[in-house]
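Numbering (the working numbering), first residue to last: -11 to 389. Where a beta carbon is used, it is the ideal one built from N, C-alpha and C, also for glycine.
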Amino acid sequence: MFIKWRTCVSNERVPLYMQIQEHYKQLITSGELQPDDRIPPEKELLAHFGVSRITVANALSELAKEGWIYRIPGRGSFVNGVPEAQRAASAAGAPEQAANLAAAAPLAHERRMIGLVFPALPDYFAIRLINGLHRVMNDNNYWVSIVLTGNSIQREKEAIRNFIQMGAQGLIIFPVDAQTYNEEILALKVSGFPFVLIDRFLPGVETHFVATDSRRGAKLAVDHLWELGHRKIAICSDSPLPTMTVSDRIAGYMEALKNKNALIDPSLILTDFQIDYNTIDEDHPLYRHVKNQFATAFITLNALLGKYIESIARQIGLRTPEDISIITFDNPDESFDNQTGFTHVNQHEARIGEESGKVLIDLIENRDRKSGYRKIVLEPELEVRKTSGRCTESDSEVKVK
-11 MFIKWRTCVS NERVPLYMQI QEHYKQLITS GELQPDDRIP PEKELLAHFG
39 VSRITVANAL SELAKEGWIY RIPGRGSFVN GVPEAQRAAS AAGAPEQAAN
89 LAAAAPLAHE RRMIGLVFPA LPDYFAIRLI NGLHRVMNDN NYWVSIVLTG
139 NSIQREKEAI RNFIQMGAQG LIIFPVDAQT YNEEILALKV SGFPFVLIDR
189 FLPGVETHFV ATDSRRGAKL AVDHLWELGH RKIAICSDSP LPTMTVSDRI
239 AGYMEALKNK NALIDPSLIL TDFQIDYNTI DEDHPLYRHV KNQFATAFIT
289 LNALLGKYIE SIARQIGLRT PEDISIITFD NPDESFDNQT GFTHVNQHEA
339 RIGEESGKVL IDLIENRDRK SGYRKIVLEP ELEVRKTSGR CTESDSEVKV
389 K
């Protein structure tokens, strides 16, 4: 949520960016701003304080460095809470709040940076993962700098090099979809630089790795739909290139069907297509697949794709789940408590962030260098909600006008 504005008293002797910092420190310390509350966007801060964009950017940058807020590219700035150094000073009985803040500043600059290299922030999977990582890093006196690569391997290489030049203590990398390995990642491994891969690994290359069991997640989805009577179950991915994660999920889907002595229908494995999520294209193969009801249920390998199929069904006149069932990987809604309308495979993305942060801290602080590579694979759960329902003969015979 956004916090209500409070008047910021001007003091000409104090730089404007420091006045803005102090304003938000007071709001956070007083409890008016709670952890994960959103700071108003820069445009509103410019208008409210009557300052330049550079002034606002400096204020927010310093607040992030000191641990008062965290920033997510494309989403905004969010409250982290009172930094540990500030809480310790308050507990020691520092007489004045302003003195506390000033005393904490030098300590705050000792916070060490780690870099997070991420392809994009298309849905709330990424936001929840970043929140989990941020909690662990902040509790251990690190701050997180994020670079989005736009799923470009070249930008991923540049991000890794830039982070090392900036003095990052370690890296957490969500590798892009690519047909070849990023040699910068291989160079990190050879040099012994601390890094952890998340969600996907590099086949044949031993690295520290944190993810959820993709095969198990697909099996859970198939088993649930099978119990509801579905036999024409499609699995869909719009990933531009095959990745180990996508391959594992499709392998889990196929294994689950084989365990039920069901034939694998290649026409129900929908991959190698691209989607413009801003429009519904009636000539798109996926649209025709839904309209002609080649499948009674769809498993989508990302959350946005599940919402997109639901939009197609609604436009056509199909009801969810009466006429079509949809299960997504990850919760497609903003809710952080999983009380959402979509049946989905919960990959525990916040825990992925937390566990990857713990492994990286162990590597940086030389506590885990000799114990071999750590591979943490979390067990997924199926969250049954409102988009999966029983398939009956009448369901299969629904005709679209």
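Endpoints, beta strand (DSSP E) assigned at residue i
i	result
G64	G64 to V67
V132	Y130 to L136
A250	Premise fails: A250 is in no beta strand (DSSP E) and is neither H nor E.
Y58	I57 to I60
F106	R100 to F106
N334	T331 to N334
A338	Taken as a continuous stretch (DSSP letters only), A338 belongs to no beta strand (DSSP E), being part of the alpha helix (DSSP H) at E337 to I352.
K220	It is not in any beta strand (DSSP E) - K220 carries neither H nor E in the DSSP assignment.
I118	Here I118 belongs to no beta strand (DSSP E); instead the alpha helix (DSSP H) covers Y112 to D127.
I27	Neither: I27 is in no beta strand (DSSP E) and is coded neither H nor E.
K374	Note, K374: premise wrong, no beta strand (DSSP E); not H, not E.
I161	L159 to I161
V365	K363 to L366
Span of the alpha helix (DSSP H), counted from its first residue to its last, around residue i
i	result
A419	In the structure as shown, the chain begins at -11 and stops at 389. Residue 419 is therefore absent and cannot be evaluated.
H277	P273 to K279
S313	Not the alpha helix (DSSP H): S313 falls in the beta strand (DSSP E), residues S313 to F317.
W214	S202 to E215
V234	M232 to N247
F181	Run containing F181: none; DSSP gives neither H nor E here.
L15	L4 to S18
A145	For the sequence presented, residue 145 should be read as Lys rather than Ala. Start and end: I141 to M154.
R292	At residue 292 the sequence reads Leu, which differs from the Arg that was named. Run containing L292: A291 to I304, per the alpha helix (DSSP H) assignment.
L51	R41 to E54
Whole-angstrom distance between residue j and residue i, CA atom to CA atom
i	j	result
V44	V135	20 Å
S202	A338	16 Å
W56	L351	25 Å
G69	S49	15 Å
K246	T267	36 Å
R362	L51	33 Å
P23	N126	12 Å
E54	I27	16 Å
R237	A206	5 Å
N249	K220	14 Å
V124	P3	32 Å
E30	P309	42 Å
P107	M232	16 Å
R378	H196	41 Å
M6	A291	41 Å
G217	S376	11 Å
D226	E353	39 Å
A47	V347	31 Å
N128	R188	26 Å
E32	Y130	29 Å
V164	Y241	23 Å
I340	Q303	36 Å
R373	H212	12 Å
Y275	V234	21 Å
P21	S65	Looking at the sequence provided, one finds Leu at residue 21 rather than Pro. Roughly 12 Å separates the two Cα atoms.
E298	N119	28 Å
D311	D269	21 Å
I300	N139	26 Å
A222	I152	43 Å
L15	A114	28 Å
P71	K279	54 Å
G329	D111	16 Å
G192	V178	14 Å
D25	Y58	10 Å
L256	I42	52 Å
Proximity to residue i [Cα-Cα], best of the options
i	options	result
V105	I60, V67 and E32	I60
Q262	E342, P254 and C224	C224
V210	V164, R123, I252 and L292	I252
V333	N46, D321 and K177	D321
L293	D311, I304, L258 and E353	L258
G19	V67, E32, R63 and G62	V67
R116	H336, F282, V198 and V372	H336
E194	G360, T17 and T380	G360
Y100	P191, M154 and I42	In the sequence on display, residue 100 carries Arg and not Tyr. Minimum Cα distance to R100 is reached at M154.
E243	D260, L176, L208 and Y265	L208
P254	L176, Y58, S344 and F282	F282
T137	L121, G180, G103 and H277	G103
Pair every Cβ in the segment 4 to 15 with every Cβ in the segment 29 to 40, then say whether three or more of these pairs are closer than 8 Å. Because the criterion of three Cβ pairs below 8 Å is met, the segment 4 to 15 and the segment 29 to 40 touch.
Examine the Cβ distances between the segment 366 to 373 and the segment 202 to 211 and report whether three or more of them are shorter than 8 Å. By the Cβ test, the segment 366 to 373 is in contact with the segment 202 to 211, since at least three Cβ pairs between them sit closer than 8 Å.
Using a Cβ distance threshold of 8 Å, determine whether the segment 285 to 296 contacts the segment 306 to 319, with at least three qualifying pairs required. yes
Touching or not, the segment 173 to 184 and the segment 147 to 161, by the rule of three or more beta carbon pairs under 8 Å? Enough Cβ pairs lie closer than 8 Å, so yes.
Meets three-Cβ-pair contact criterion under 8 Å: the segment 143 to 150 and the segment 170 to 181: Output reads yes: the segment 170 to 181 touches the segment 143 to 150.
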